[in-house]
Amino acid sequence: MLSFGYTPPVDITKVTGKVIGLGSHRALQSKTDCEGIITHASRSLAEISGFTVDELIGQPHNILRHPDMPDTVYYLMWQEIQADKEFFGVVKNRCKNGDHYWVLTRVAPIMQGDEKVGYTSARFTPRAELIPEWEELFEKMREIEGDRNSSDPARFKPAIEEVNRFVKRHGHSSLSQLVLSARA
Ligand SMILES: Cc1cc2nc3c(=O)[nH]c(=O)nc-3n(C[C@H](O)[C@H](O)[C@H](O)COP(=O)(O)O)c2cc1C
Numbered sequence: 057m058l059s060f061g062y063t064p065p066v067d068i069t070k071v072t073g074k075v076i077g078l079g080s081h082r083a084l085q086s087k088t089d090c091e092g093i094i095t096h097a098s099r100s101l102a103e104i105s106g107f108t109v110d111e112l113i114g115q116p117h118n119i120l121r122h123p124d125m126p127d128t129v130y131y132l133m134w135q136e137i138q139a140d141k142e143f144f145g146v147v148k149n150r151c152k153n154g155d156h157y158w159v160l161t162r163v164a165p166i167m168q169g170d171e172k173v174g175y176t177s178a179r180f181t182p183r184a185e186l187i188p189e190w191e192e193l194f195e196k197m198r199e200i201e202g203d204r205n206s207s208d209p210a211r212f213k214p215a216i217e218e219v220n221r222f223v224k225r226h227g228h229s230s231l232s233q234l235v236l237s238a239r240a
C-alpha cells in the first residue's frame with residue numbers, strides 16, 4: 057500500500073548525493089507480505105543498500121525510499137500489484153548511509169492458488185545514460201504532485217499525465233515497455 061502512517065526506522069531525508077553502482081550483482085530481490093512488510097531480502101540487496109538482511113526483514117519496504125522519489129510512482133505500483141498485475145518501474149533507492157542507487161524494478165504478486173500471499177520484487181541495472189532524464193522526470197513529478205497529506209488520489213493525476221507524456225515521447229505505449237527497454 058502507499059504506506060501513509062508507516063514510519064521507516066531510519067531518517068530517509070538524510071542523503072549524500074553519492075550514487076553507487078550495482079557492480080556484479082545480477083538481481084536484488086525482496087519479498088513482502090500483502091502490506092509491504094519485508095519477509096525476505098537477498099544478500100545482494102542487503103550489500104548494496106547497506107542494511108543487513110536482519111535489519112530489512114520485518115520493516116516496511118519504504119525503509120529503502122529515497123526522498124527524491126515521487127509518491128506517484130508508488131501509487132502506480134500499488135494500483136497495479138493490488139489488482140494482481142505486475143509493475144515495472146525505474147526507482148532511485150537510498151542506502152542506509154544516505155548514498156543512492158538506481159534500479160529497474162519488477163514487482164509482482166505471489167499467488168498460492170487463488171490467494172495472494174504477498175509480493176515479490178527484483179531489481180536490475182538500468183542503462184546509465186538514461187538516468188538524467190528519469191531524474192528530471194521525477195523532479196517535475198514532485199513539483200506537480202498535490203498535497204502529500206491529502207488522501208485524495210486525484211492529487212496524482214498531473215504527475216501521471218507527466219509520466220504518460222514521457223512514455224509517449226520515448227515512442228512506447230506503456231510505462232512497462234519503456235522500463236523494460238531501459239535495462240542495461
Ligand atoms: C515487493 C515490494 C518491493 C518494493 N520495493 C521498494 C523499493 O525498492 N524502494 C522503495 O522505496 N519502495 C519499495 N516498495 C514500495 C514501498 O512499500 C512504499 O510504498 C514506498 O516506499 C513509498 O512509501 P511511503 O509512501 O510510506 O513513503 C516496494 C513494495 C513492494 C510490495
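In terms of my numbering, the sequence shown has 226 at position 170, counting the first letter as 1, and numbering is strictly consecutive.
Every residue gets a Cβ at the ideal spot worked out from N, C-alpha and C, and that includes glycine.
Let me check understanding here. Comparing Cα to Cα, which of Ser177, Lys172, Ile94, Trp158 lies closest to Met125?
Trp158
Go through its chain and collect everything with a Cβ distance to Gln262's Cβ below 8 Å, but skip five positions before and after it.
Shown here, the chain extends from 57 to 240; a query on residue 262 therefore has no answer.
Quick check: is any heavy atom of ligand 1 less than 7 Å from the C-beta of Val75?
Relative to the non-hydrogen atoms of ligand 1, the Cβ of Val75 never comes closer than 7 Å to any of them.
Beta-carbon gap between Leu112 and Leu84 smaller than 8 Å:
no
Closest to Ser207 by CA distance: which of Asp127, Pro165, Leu234, Arg150 is it?
Asp127
For the segment 123-207, which segments carrying the beta strand (DSSP E) assignment without a break, of at least 3 residues, lie completely within its bounds, in sequence order?
Those beta strand (DSSP E) runs which fall completely within the segment 123-207 and span 3+ residues are 143-150, 156-168, 171-180.
Looking at C-alpha atoms only, which residue of Arg221, Ser230, Ala210, Glu103 is the closest neighbour of His156?
Closest by alpha carbon: Glu103.
With a CB to CB cut of under 8 Å and the five nearest residues on each side skipped, what residues in its chain are close to Pro209?
Closer than 8 Å at Cβ, skipping near neighbours: Tyr131.
Return the CA-CA distance between Ser232 and Phe144, expressed in angstroms with no decimal places.
Going from the Cα of Ser232 to the Cα of Phe144 covers about 5 Å.
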